[in-house]
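Below is one structure, written out as structure tokens; the observations come after it.
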Amino acid sequence: MNSEFLTSATKEGEYPEADRPEVVVVGRSNVGKSSFINAFTNRKKLAYVGNTPGKTQLINFFMIDGAWYLVDVPGYGYAKLSKAQIAKLGRMMDEYFLKRKNLTCVVQLVDARHDPSKDDMEMVDFFKEMHIPIVAVATKIDKIPKTKRINHLKKISQKLQIPLAHIFAVSSTEKIGFEQVEEELQKRIEQ
Ligand code: GDP
1 MNSEFLTSAT KEGEYPEADR PEVVVVGRSN VGKSSFINAF TNRKKLAYVG NTPGKTQLIN
61 FFMIDGAWYL VDVPGYGYAK LSKAQIAKLG RMMDEYFLKR KNLTCVVQLV DARHDPSKDD
121 MEMVDFFKEM HIPIVAVATK IDKIPKTKRI NHLKKISQKL QIPLAHIFAV SSTEKIGFEQ
181 VEEELQKRIE Q
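First residue of the sequence shown? That's 1 in UniProt numbering, and the numbers climb one at a time after it.
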């Protein structure tokens with residue numbers, strides 16, 4: 001897979017032209033979003049890992065195979081941001097999700113170990129209301145014993161009310177699960 005950083009944006013005028021399908025990756029701070037993007041694109045530093053959570057407050061656009069855009073948006077749920085900062089990020093995200101016409105689906109990351117958080121549930125509800133298709137990805141699956149993994153995924157499916165077939169498990173440290181995610185995203189992009 002060929003991937004390159006294109007641009008960062010805070011508002012619509014700064015987005016790249018909406019001339020290709022787009023997939024956006026969302027999740028709470030520390031869920032493993034940067035690690036996911038780096039492992040998915042097979043690049044060590046495309047997205048910067050181990051930031052002070054919440055520090056990355058821009059919408060980052062990447063070009064994949066010259067064919068589609070992968071978008072990294074700020075992680076949510078980082079308590080140390082001020083109310084004003086959170087409100088500003090909220091407006092930035094609302095604008096993105098309302099205006100971005102080429103958005104094909106959202107990759108909702110959740111931590112495989114835990115039940116989805118209240119914030120995760122609110123995000124998923126928002127995408128459902130907006131009729132944005134959701135692919136859910138459970139991160140850090142390496143931290144769960146193999147025999148227990150399916151139960152965690154079933155629980156996530158139940159909580160988020162997303163079919164099990166639309167839930168994938170990955171480990172960025174062990175590099176597992178990414179081919180399946182890529183296949184699913186290709187399907188969605190080609191639709
Ligand atoms: P972000 O804040 O969502 O971008 O999360 P990061 O990608 O920066 O990861 C947060 C922390 O989780 C870091 O310490 C990562 O090394 C760790 N991490 C990320 N993905 C995995 C994974 O698949 N397995 C394990 N064991 N740790 C991970």
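Beta carbons are placed, not taken as given, at the ideal position from N, Cα and C, and that holds for glycine.
Rounded straight-line distance, which links the Cα of Trp-68 to that of Leu-6: Numbered from 1 along the sequence shown, position 6 holds the residue referred to as residue 6. Numbered from 1 along the sequence shown, position 68 holds the residue referred to as residue 68. In this model, Leu-6 and Trp-68 are separated by some 12 Å (Cα to Cα).
Element boundaries [beta strand (DSSP E), containing Ala-138]: The residue labelled residue 138 in the question sits at position 138 within the sequence shown. Counting along the chain, Ala-138 sits inside the beta strand (DSSP E) bounded by residues 134-139.
Residues near Lys-101 by beta carbon distance below 8 Å, same chain, minus five either side: For this step, residue 101 is matched to residue 101 along the sequence shown. Answer for Lys-101: Ala-18, listed in chain order.
Residue from Glu-190, Arg-113, Gln-57 whose Cα sits closest to the Cα of Leu-153: One-based indexing of the sequence shown puts residue 153 at position 153. Looking only at Glu-190, Arg-113, Gln-57, the smallest Cα-Cα distance to Leu-153 is reached by Arg-113.
Inter-residue spacing [alpha-carbon to alpha-carbon] between Lys-128 and Asn-2: For the purposes of this step, residue 128 is taken as residue 128 along the sequence shown, with counting starting at 1. For the purposes of this step, residue 2 is taken as residue 2 along the sequence shown, with counting starting at 1. The straight-line gap from Cα to Cα measures roughly 31 Å.
Proximity test, Val-24 beta-carbon vs the ligand GDP heavy atom, cut-off 7 Å: Numbered from 1 along the sequence shown, position 24 holds the residue referred to as residue 24. Outside the cutoff, so no.
Nonlocal neighbours in the same chain, by C-beta distance under 6 Å from Tyr-76, ignoring five residues either side: Taking the sequence shown and counting its residues from 1, the one referred to as residue 76 is at position 76. Closer than 6 Å at the Cβ level, and outside the excluded window around Tyr-76, lie Arg-28, Asp-119.
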